[in-house]
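Some notes on the structure that comes next.
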Amino acid sequence: KPLVSTFIVPQLRQSVQSVLDRALKGDETSNYELEFRTKTNETRYLLVNATTRRNAESHIVGVVGVAQDVTETTKHDRAVKSMAEELRQLVDTANAPIFGIDVHGNVNEWNDKTAEITGFRKEEALNKPLVSTFIVPQLRQSVQSVLERALKGDETSNYELEFRTKTNETRYLLVNATTRRNAESHIVGVVGVAQDVTETTKHDRAVKSMAEELRQLVDTANAPIFGIDVHGNVNEWNDKTAEITGFKIEEALNKPLVSTFIVPQLRQSVQNVLDRALKGDE
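Position 125 of the sequence shown, counting from 1, maps to 245 under my numbering, and the rest follow consecutively.
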């Protein structure tokens, strides 16, 4: 039976024919992987040495293949490769920023979402030092410390860092810094899986700024402003109130307003007003 057309899978027939043709000219091939088709139409993977066969007069009369059946190894390797490709696809297309560094701190992982958020394409980021290139100056030292700890196996969760984008804007990321290990469990880098919290962080900072501004306005207002909690104890006492009463804020806080600062003959009526206000009747 013709070896190639009968036993070799169609997609390899041309290349196997070439190997055999060369061997028939005396050009032997070692460790050539081919796929044999079995009688039950399965595929076996063989690692073959194609050796020229000669007769007593040294004339070439054929080719002998000495093979090793590597079917299980090949299937395993292909399964691992397929899984690696699938994981690569998942990382690249994930809806979360994923980036990584090697043991020298240079970028070796930069998925599509990271590129989208920062404006730096993967090819622009790879092999660049992560901290000095992409982290805002005031956080470089702390981020470097987080990465160095992760490179020693001490991982960090929910660490907020500020990435500098290509347009010099700032993006706020909440990051889990995970140690990356090779097949022998040696540490080879760090992977950061992040959540973009830019809008939330900007909102929180705006609220905090507004609260600080209101606090400043209350403290420095040209009118007395004071307040109580639900138990009637002082929890607000601005500068003007302190000036008028002579009681500094630290002297007034947590004291019962009515019994401490209201003249006796008005305590009952003032208490009634406060009680109604605490019920929503202002």
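Quick reminder that beta carbons are idealized off the backbone N, C-alpha and C, glycines included.
Nearest-angstrom Cα separation, counted from V200 out to L132: 22 angstroms
Sheet register partners of R284 (DSSP bridge): T290
Per-residue DSSP class, three states only, for T160: coil
Cβ-based neighbour list, A214, same chain, cut-off 7 angstroms, excluding 5 preceding and 5 following: N231, K233
Expected contact under 8 angstroms - CB spacing of K360 and N342 to nearest Å: 6 angstroms
Span of the alpha helix (DSSP H), counted from its first residue to its last, around E333: 318–340
Limits of the alpha helix (DSSP H) - the one that Q134 falls within: 133–143
8 angstroms contact criterion, which T238 and E275 should meet: CB distance rounded: That belief does not hold up - the Cβ atoms of T238 and E275 are roughly 23 angstroms apart, past 8 angstroms.
At least three beta-carbon pairs within less than 8 angstroms, the region 208–224 to the region 300–320: yes
Runs of beta strand (DSSP E) lying entirely within the region 151–211, each at least 3 residues, in chain order: 163–174, 180–189
Beta-carbon proximity of N374 to N358, cut-off 9 angstroms: no
Per-residue burial, L267 [other beta carbons within 10 Å of its own, 16 or more giving buried]: buried
Proximity winner among L166, V310, G146, R142, relative to Y152 (alpha-carbon distances): L166
Buried versus exposed call for A326 [16 or more other C-beta atoms within 10 Å across all chains shown]: exposed
9 angstroms Cβ cutoff met for G273 and I307: yes
Identity of the residues DSSP links to I218 by a beta bridge: V313
Nearest-angstrom beta carbon gap, I180 and L144 [assumed within contact, 8 angstroms]: 6 angstroms
Three-way DSSP call (helix, strand, coil) for V263 in this model: helix
Straight-line Cα distance separating S329 from L259: 21 angstroms
Contacting residues, own chain, Cβ-Cβ under 8 angstroms from S125 (five flanking each side not counted): R133
Where the beta strand (DSSP E) through V227 begins and ends: 227–230
Inter-residue spacing [alpha-carbon to alpha-carbon] between A170 and V139: 8 angstroms
Backbone secondary structure at R396 - three-state DSSP: helix
C-alpha distance - E148 paired with D197, whole-angstrom precision: 26 angstroms
Endpoints, the alpha helix (DSSP H) within which F346 is located: No alpha helix (DSSP H) holds F346; the beta strand (DSSP E) holding it covers 346–348.
Reduced DSSP secondary structure (H/G/I, E/B, other) of I237: helix
Chain-order list of residues whose beta-carbon lies under 7 angstroms from that of V184 (same chain, five-residue window excluded): T171, R173
P130 versus D349, D141, R142, R157, residue with shortest Cα-Cα distance: R157
Cβ neighbour criterion (16 or more within 10 Å) applied to G182: exposed
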